[in-house]
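> After the structure tokens below, expect a handful of questions from me.
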Amino acid sequence: MNPGKLSILAGTHEPISEEDARIVRGLRAGIEDAYEELIARYQQPVFSIVYRLLGNQNDASDVVQEVFLKVFRRIGSFRGQSSLRTWIYRIAVNEAHNHHRWFTRHCCREVGMESGPERPCSLESAPDPGRSPFERALDRENRTLIEEALGRINPDFRTAVVLRDIENLSYEEIGEILQLSLGTVKSRILRGREALRRELTQRLDPGFAEAFT
Amino acid sequence: MTCFSAKRQSTVYTDGRLRGSDFSRVAAHLRACDSCSVYFDQIAKVRSATGELSGAKCPTRLSLKLRVIASRERKAVEENNGSRFRAMWKQWRFRLDEILKPLTLPATGGLLSSFILFGILAFTIGTASRAVNYEVPVVYEEQPGVNLVPLQLGADAVVLTISTDNNGRIRDYAVRDGSDSFAGDPGKLQSSSIALPRFPSVLAVAHPVSGDISISFTPLELRQ
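Residue numbers (our numbering), protein chains in the order written: chain W, 12 to 224; chain A, 13 to 236.
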């Protein structure tokens, strides 16, 4: 048995899984494999959440680095009362909100040289080969519209919608991440979707409106 | 069921979390109300469209940066043996060193200057204390009534000769007048403080003179 790998788990309690407990123990012991596994497992979802909350790739990259730095440094204080994923997502959401607040406070007062509002950077996803070019263009257009609409709604509602509709987390998990009750989670999701609906119906070209009406 | 109540259930209805009688009531209302039906349909389409946004690809450079961060933190854990207190102590010691670094040179210079100055002044403190500690001789004779020198003044001049040693002490004396002279008795000097002075304050600022000192007592004639 490789002494560098921890396979014996003791002292863990629900709801943390065996996998999570193994990673946590590896991180605390400074085992390289544990760090690699954590990055491989959570890098993409954390980036996805943070990017959807901030709407900017560069900002999201910076925040993701902060998130993982905090995870590595605070792993000693992780008690296993929630899952590792919930704990990491909570850090990610908080960091994204802090960054957004800092940005709003310090950078929004500056007047940029560019003309017109800055559109959020729309990252490429893998194109669907079964769609025609027109349909793919329509998809791209719709995606841009939805991303813009998502960037305009209230940050609290946006967070709830991102975690539910994009990350497919359950209401309970969202409640753990955001430290909210189930009722508040449902309410924020409802209001977030309503706000998106209003934004999209206001801005949709009649030719595309069929997709949403 | 009212439209307001139905719309409040749109989230859980769309997500498939509504069960039993609640689901039936909402479904029945949607069959009866066209506006709510349109509303629920739009919410479902928004949910679907938002769900299709998934797949924001993580940049490659970010992976490298995360690995660099992981390597650095892992090294810190190894150095501290996983001890949080040791890590905190190192952090605070580093901060303390950074704060004190600008003060190191002036502090050392000031301390050295203090040592040198104090060392120079230390030698003068004893001298000054000796000079300040001035004793005023109150009693100069321990045996009152005993004359040091049996000297009787008359019409003629009398010369008192005192011999002192290197410490300024009287070791011998002699008295001469016109008609008579006698030598002193050194034995009588043993009990006399004026003959054997111990005035350190005086000796601190003066040097005793050895040799013979002659004092002449000449009677004065007063004319009217």
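Backbone N, C-alpha and C fix where the C-beta goes; we use that ideal spot for every residue, glycine too.
Small disclaimer: the values here were computed from a predicted structure and weren't measured.
Counting only C-beta atoms, is residue 55 of chain W closer than 8 Å to chain A at any point?
As a position in the first sequence, residue 55 of chain W is number 44, starting the count at 1. Closer than 8 Å to some Cβ of chain A, the Cβ of residue 55 of chain W qualifies, so yes.
> With 16 as the cutoff for other CB atoms within 10 Å, does residue 98 of chain W come out buried or exposed?
The residue you call residue 98 of chain W lines up with position 87 of the first sequence. It counts as buried.
> For residue 153 of chain W, decide whether its Cβ has a neighbour in chain A, counting only Cβ atoms nearer than 8 Å.
In the first sequence, the residue the question calls residue 153 of chain W occupies position 142. It does; some Cβ of chain A falls within 8 Å.
> Let me know the secondary structure DSSP gives residue 189 of chain A once reduced to three states.
Numbered from 1 along the second sequence, position 177 holds the residue referred to as residue 189 of chain A. Strand, per DSSP.
> Identify which residue in W/188, W/206, W/164 and W/56 has its Cα closest to the Cα of residue 92 of chain W.
Within the first sequence, the letter at position 81 stands for residue 92 of chain W. Taking only the C-alpha atoms, the option nearest residue 92 of chain W is W/188.
> Taking Cβ positions only, does residue 18 of chain A come closer than 8 Å to chain W?
Start at 1 with the first residue of the second sequence, and residue 18 of chain A comes out as number 6. No, because no Cβ of chain W sits closer than 8 Å to the Cβ of residue 18 of chain A.
> Since residue 115 of chain A meets chain D, which of its residues come closer than 9 Å, beta carbon to beta carbon?
Here chain D cannot be found, since the structure's protein chains are W and A.
> Identify whether residue 227 of chain A lies in helix, strand or coil by the three-state DSSP scheme.
Here residue 227 of chain A is taken as the residue at index 215 of the second sequence, counted from 1. Residue state, collapsed to three classes: strand.
> Could you tell me the distance, in whole angstroms, from the CA atom of residue 186 of chain W to the CA atom of residue 85 of chain A?
Sequence index remark: in the first sequence, residue 186 of chain W carries index 175 (1-based). Sequence index remark: in the second sequence, residue 85 of chain A carries index 73 (1-based). Their backbone Cα atoms lie some 30 Å apart in a straight line.
> Just to confirm, is the Cβ distance from residue 80 of chain W to residue 35 of chain W under 8 Å?
On the first sequence, residue 80 of chain W is found 69 positions in, with the first residue counted as 1. On the first sequence, residue 35 of chain W is found 24 positions in, with the first residue counted as 1. No, the pair does not count as a contact, with Cβ atoms beyond the cut-off.
> Against chain A, with Cβ distances strictly below 8 Å, would residue 158 of chain W count as a contact?
Residue numbering aside, residue 158 of chain W sits at position 147 when the first sequence is read from its first letter. Yes - at least one Cβ of chain A is within 8 Å of the one on residue 158 of chain W.
> Could you confirm whether any beta carbon from chain A is found closer than 8 Å to the beta carbon of residue 197 of chain W?
One-based indexing of the first sequence puts residue 197 of chain W at position 186. Answer yes: the Cβ-Cβ gap between residue 197 of chain W and chain A drops below 8 Å somewhere.
> Looking at the unbroken beta strand (DSSP E) that takes in residue 23 of chain A, where does it start and where does it end?
In the second sequence, residue 23 of chain A corresponds to position 11, counting from 1. Unbroken run through residue 23 of chain A is the alpha helix (DSSP H), 22 to 26; no beta strand (DSSP E).
> Taking the alpha carbon of residue 174 of chain W as the point to measure from, which residue in A/65, A/46, A/52 and A/56 has its own alpha carbon closest?
If you number the first sequence from 1, residue 174 of chain W lands on position 163. Minimum Cα distance to residue 174 of chain W is reached at A/65.
> With 16 other CB atoms within 10 Å as the buried threshold, where does residue 60 of chain A fall?
The count along the second sequence starts at 1 and reaches residue 60 of chain A at position 48. Exposed: under 16 other Cβ atoms inside 10 Å.
> Let's see if you can read the secondary structure: which residues bound the alpha helix (DSSP H) around residue 50 of chain A?
By 1-based counting over the second sequence, the position of residue 50 of chain A is 38. Here the alpha helix (DSSP H) through residue 50 of chain A covers 46 to 63.
> Against chain W, with Cβ distances strictly below 8 Å, would residue 63 of chain A count as a contact?
Locating residue 63 of chain A in the second sequence gives position 51, where the first residue counts as 1. Output row for residue 63 of chain A: interface = yes.
> Quick one, which residues of the region 70 to 86 of chain A are near chain W if we go by CB-CB under 7 Å, in chain order?
Answer set for the region 70 to 86 of chain A: 70, 71, 74, 75, 77, 78, 79, 81, 82, 85 and 86.
> Report the start-end ranges of each alpha helix (DSSP H) in the region 39 to 119 of chain W that is 4 residues or longer and not cut off at the edges.
You should have 43 to 65, 68 to 85 and 95 to 117.
> Give a yes or no on whether 8 Å exceeds the smallest Cβ distance from residue 55 of chain A to chain W.
Working through the second sequence from its first residue, we reach residue 55 of chain A at position 43. Yes, contact with chain W.
> Name the chain A residues that come within less than 7 Å of residue 33 of chain W, Cβ to Cβ?
By 1-based counting over the first sequence, the position of residue 33 of chain W is 22. Ordered by position in chain A, no residue passes the 7 Å Cβ test against residue 33 of chain W, which lies about 16 Å from the chain.
> Cutting at 7 Å between CB atoms, please list the residues of its own chain near residue 231 of chain W, excluding the five before and the five after it.
Any answer about residue 231 of chain W is impossible in this case: the structure gives chain W only from 12 up to 224.
> If we define contact as Cβ-Cβ less than 8 Å, is residue 38 of chain A a contact residue for chain W?
Walking along the second sequence from the start, residue 38 of chain A turns up at place 26. Residue 38 of chain A does not count as touching chain W.
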